[in-house]
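Below: one structure, written as structure tokens.
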Amino acid sequence: MLDHMSGEREVFAWIVGDEKLMRKYGIGFAKPTPIPRQLFYAADYLVKGETVEELAGKIGVDADGLKATLATFNRDAEAGEDTEFGRGSTAYNHFRGDMDHKPNPNLATIDNAPFYAAKVRMGDLGSFAGIDVDSRHAVIREDGKRIPGLYSVGAAAVSVFGGGYPGYGSHIGPALVFGYRMGRDISELAAESGSADALERAMEVQV
Ligand SMILES: Cc1cc2nc3c(=O)[nH]c(=O)nc-3n(C[C@H](O)[C@H](O)[C@H](O)COP(=O)(O)OP(=O)(O)OC[C@H]3O[C@@H](n4cnc5c(N)ncnc54)[C@H](O)[C@@H]3O)c2cc1C
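The numbering used here puts the sequence shown at residues 966 to 1172.
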């Protein structure tokens, strides 16, 4: 998406769906029938077109291009294989799909008028590039030595997954676990504060 829109002022894509999608699943905040959608049309969150051409005109894309994209997508959906992006090719994809839908839980044809679109903008869920810490989430210097009394956890700390995103909870999970552990260490240090031991323990690197 970034490559495709390099040089543009805004990086975005459109999610496009049809009436059967809106009846069963909705798009983003626009929930499935019978939840009212007027608010989403008024806010330009959801765009509706009686035909593919009308929708293309409203969202400012080339109608023939959109028709060609839909033709490829619909062929793939019927065959159950997304030849362009591999949607539905992993168990992780299936978790967010509809397991009752065959042959691919993540692909259904878009051919039932009216048609809908919602804009998707770039955002970030979190960072993997936080402050370097040891296994107790004490902040360490380049030489691996602790900075006494300084801890970092959650989005502020380097990720335990080292840059990968294995699945939901990859950010909140370690934030909770290591936050709890860090809190216990800090409270122990506070209880010992003033003692020579406390400073020694704060300097100690436990791997
Ligand atoms: C849309 C979205 C969806 C997500 N979905 C998931 C998910 O499904 N699973 C998952 O694991 N993670 C998910 N994440 C990531 C997860 O929410 C974050 O990684 C996590 O909340 C980070 O927790 P944190 O406590 O480190 O930081 P934050 O939750 O960012 O907390 C930092 C706090 O510090 C406050 N603060 C900032 N500066 C100051 C200051 N100077 N003084 C005082 N307070 C300050 C902020 O207001 C904030 O309350 C999602 C994130 C987003 C944005």
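In this text, a Cβ means the ideal position worked out from N, Cα and C, and glycines have one as well.
Bridge partner(s) assigned by DSSP for residue i
i	result
Asp983	Phe1080
Leu1227	Outside the modelled stretch of the chain, which goes from 966 to 1172, sits residue 1227, for which no answer is possible.
Ala978	Val1085
Arg1061	BP columns for Arg1061 are empty, so no partner.
Val1017	Val1017 pairs with nothing; no bridge assigned.
Ile992	Ala995
Val1098	Val1104
Tyr1116	Ala1103
Arg1146	According to DSSP, which records beta bridges pairwise, Arg1146 is partnered with nothing at all.
Ala1056	Per DSSP, none; premise fails for Ala1056.
Ala1122	Ile1096
Arg1040	Bridge partners of Arg1040: none, in fact.
Arg1111	Ile1105
Of the listed residues the options, nearest to residue i (C-alpha basis)
i	options	result
Arg1052	Ala1073, Ala1036, Asp1065, Ala1033	Ala1073
Glu1043	Asn1069, Val981, Ala1008, Glu984	Asn1069
Val1123	Tyr1133, Gly972, Ala1140, Gly991	Ala1140
Leu986	Pro999, Phe977, Glu975	Pro999
Leu1031	Lys989, Ala1008, Asp1047, Asp1076	Asp1076
Lys989	Gly982, Pro997, Asp983	Pro997
Ala1056	Gly1132, His1136, Ile1151	Gly1132
Glu1046	Lys1067, Asp1029, Gly1134, Glu984	Lys1067
Lys1023	Met970, Asp1041, Asp1009, Ile1151	Asp1009
8 Å Cβ cutoff met for residue i and residue j
i	j	result
Ala995	Leu1020	no
Val1104	Ser1117	yes
Asn1039	Asn1058	no
Phe1093	Gly1119	no
Met966	Val981	no
Is the stretch 1001–1017 close to the stretch 1076–1086, with three or more CB pairs under 8 Å?
Touching, per the Cβ criterion.
Would you check if there are 3 or more beta carbon pairs closer than 8 Å linking the stretch 1088–1106 to the stretch 1143–1150?
Yes: at least three Cβ pairs fall under 8 Å.
Give the residues whose C-beta lies closer than 5 Å to at least one heavy atom of ligand 1, in chain order.
The chain-ordered list of residues whose CB is nearer than 5 Å to some heavy atom of ligand 1 reads Leu1090, Gly1091, Gly1119, Ala1120, Tyr1133, Gly1134, His1136, Ile1137, Ala1140.
Is the stretch 1037–1051 touching the stretch 1107–1114, taking contact as three or more C-beta pairs under 8 Å?
Contact between the stretch 1037–1051 and the stretch 1107–1114 is absent: fewer than three C-beta pairs spanning the two stretches fall below 8 Å.
Would you check if the stretch 1062–1073 and the stretch 1085–1095 touch, i.e. whether three or more CB-CB distances between them fall below 8 Å?
Here the stretch 1085–1095 does not lie against the stretch 1062–1073, with fewer than 3 beta-carbon pairs under 8 Å apart.
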